[in-house]
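Peer 1:
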Amino acid sequence: MQQIVDHYQVKAPIQSSTLVPMGGSASPKRMVFHMLPDNTAPVSVLDIGFGTGSLGELIKGNPETRHWSVDGIDGFVVNCHNAELLEHKYYRNIWHGLAQELPSDLIARYDIICLLDVIEHLTADTARWLLRTLLTAMGPQARLFISTPLWFMPQDPSQEGDLEAHQIGIPVSSMMALVPKMYAVTASSFVAGFVYEKNSLNFVEFFQPTADRSFDRARGEEMARAIGFRHDPGVLYRVS
Numbered sequence: 094m095q096q097i098v099d100h101y102q103v104k105a106p107i108q109s110s111t112l113v114p115m116g117g118s119a120s121p122k123r124m125v126f127h128m129l130p131d132n133t134a135p136v137s138v139l140d141i142g143f144g145t146g147s148l149g150e151l152i153k154g155n156p157e158t159r160h161w162s163v164d165g166i167d168g169f170v171v172n173c174h175n176a177e178l179l180e181h182k183y184y185r186n187i188w189h190g191l192a193q194e195l196p197s198d199l200i201a202r203y204d205i206i207c208l209l210d211v212i213e214h215l216t217a218d219t220a221r222w223l224l225r226t227l228l229t230a231m232g233p234q235a236r237l238f239i240s241t242p243l244w245f246m247p248q249d250p251s252q253e254g255d256l257e258a259h260q261i262g263i264p265v266s267s268m269m270a271l272v273p274k275m276y277a278v279t280a281s282s283f284v285a286g287f288v289y290e291k292n293s294l295n296f297v298e299f300f301q302p303t304a305d306r307s308f309d310r311a312r313g314e315e316m317a318r319a320i321g322f323r324h325d326p327g328v329l330y331r332v333s
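Residue numbering for the sequence shown follows the numbering used here, starting at 94 and increasing by one per position.
1. Starting from the Cα of Pro302, find the closest Cα among Ala235, Leu271, Val163, Arg185 and give me that residue.
2. Count the CB pairs spanning the region 196 to 212 and the region 129 to 143 that are closer than 8 Å, and state whether there are at least three.
3. Which one or two residues does DSSP pair with Ser240 in a beta bridge?
4. For Ser118, does the count of other Cβ atoms within 10 angstroms reach 16, so buried, or fall short, so exposed?
5. Could you name the residues of the same chain whose beta carbon sits closer than 7 Å to that of Tyr330, not counting the 5 residues immediately before and after it, in chain order?
6. Can you look up His214 in the DSSP assignment and give me helix, strand or coil?
7. Return the CA-CA distance between Ile239 and Thr111, expressed in angstroms with no decimal places.
8. What residue range does the beta strand (DSSP E) around Met275 cover?
9. Could you tell me whether the region 117 to 131 touches the region 188 to 199, using the rule of 3 or more Cβ pairs below 8 Å?
10. By DSSP, does Leu178 sit in helix, in strand, or in coil?
11. On the CB-based measure, 16 or more other CB atoms within 10 Å of its CB, does Thr279 come out buried or exposed?
12. Going by DSSP, what residue range makes up the alpha helix (DSSP H) through Asn172?
13. When you compare only the Cα positions, how much space is there between Phe299 and Ser267?
14. Between the C-alpha atoms of Ser307 and Pro233, what's the straight-line distance to the nearest angstrom?
15. When DSSP builds the beta bridges, which residues end up paired with Asp325?
16. Excluding the 5 residues preceding and the 5 following Asp249 in the sequence, name in chain order all residues of the same chain whose CB lies nearer than 6 Å to its CB.
As C-alpha cells, then:
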C-alpha cells in the first residue's frame, strides 16, 4: 500500500499514462447522507475503490458534509494519479493498493467505510474474507456501506490493470441475511446499496456470493420477489 496523498498534499510527482482513470459507480451514493444521527459532527470516511472520485465529490459538494474527511484507496494506479481529481482535493489521503492490504488499525479509525461496486470484482473467497475483516475491524458505532449488483453482471477489463472484471454475483438473500439497517436500489441496473453496523458480524457466515455466470438479472429479480425484497427506485428503506 503506497501513499500518494498525505493530508491533501501530493507526496510524489504525478505519473502520466496513456490509460485513463475509471471506476464509476451505479450505487445509490446519496445514502451516505442518511447513515449517521448527526451530519454536523466530525466524520471520517474511507472510500475503498474510489475510482474517479464521485463519492468524495458528492460529500465535499454538500454544504452539510463538506467538513467531513474522506480518504481513499484504489488498486488501479491511474486512478491514484488522476491529476484532475487531485487538484480538487476531495480526498485527504489517497493510497494505491488493494482493500485486502488495509491494516485493521486503520479501518478502525473511520465512521463510515464505503465499498461501492467493488465486492463483485473479487473472488468469492476474497469477498467473504474482506467482509469479515471490515466488520471485525470497524468501530462499534461505525457504518459499512456496500453496493453491488444483485446478480452476476457481466463485465470485462477495458484497460491493462484496471481490475474492472466482475468475478461474482451477490444474491439479495446474502445482503439481507447480514441484517442491514437500510437499503436502496438503482432500478436501471438492479444495483443496491446496503448499510450495516457492527452487529452484522454475527451473520457474516450467511454471506454467500456466487461465481455462477448464469445467475443473470432475471434470476436475481426472481429471488428478490421470492423473499419480498422491496426495491422501488429512489426509495430509502429502513429495516430497523
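Every residue gets a Cβ at the ideal spot worked out from N, C-alpha and C, and that includes glycine.
Peer 2: Reading it off the structure:
1. Leu271
2. yes
3. Leu209, Gly286
4. buried
5. Result list for Tyr330: Met275, Tyr276, Ala277, Arg323, in chain order.
6. helix
7. 31 Å
8. Segment 275 to 279, the beta strand (DSSP E) holding Met275.
9. no
10. Three-state DSSP puts Leu178 in a helix.
11. buried
12. 170 to 173
13. So the alpha carbons of these two residues sit roughly 6 Å apart.
14. Near 38 Å, if we compare the C-alpha coordinates of Pro233 and Ser307.
15. Asp325 is not bridged to any residue.
16. Ala258
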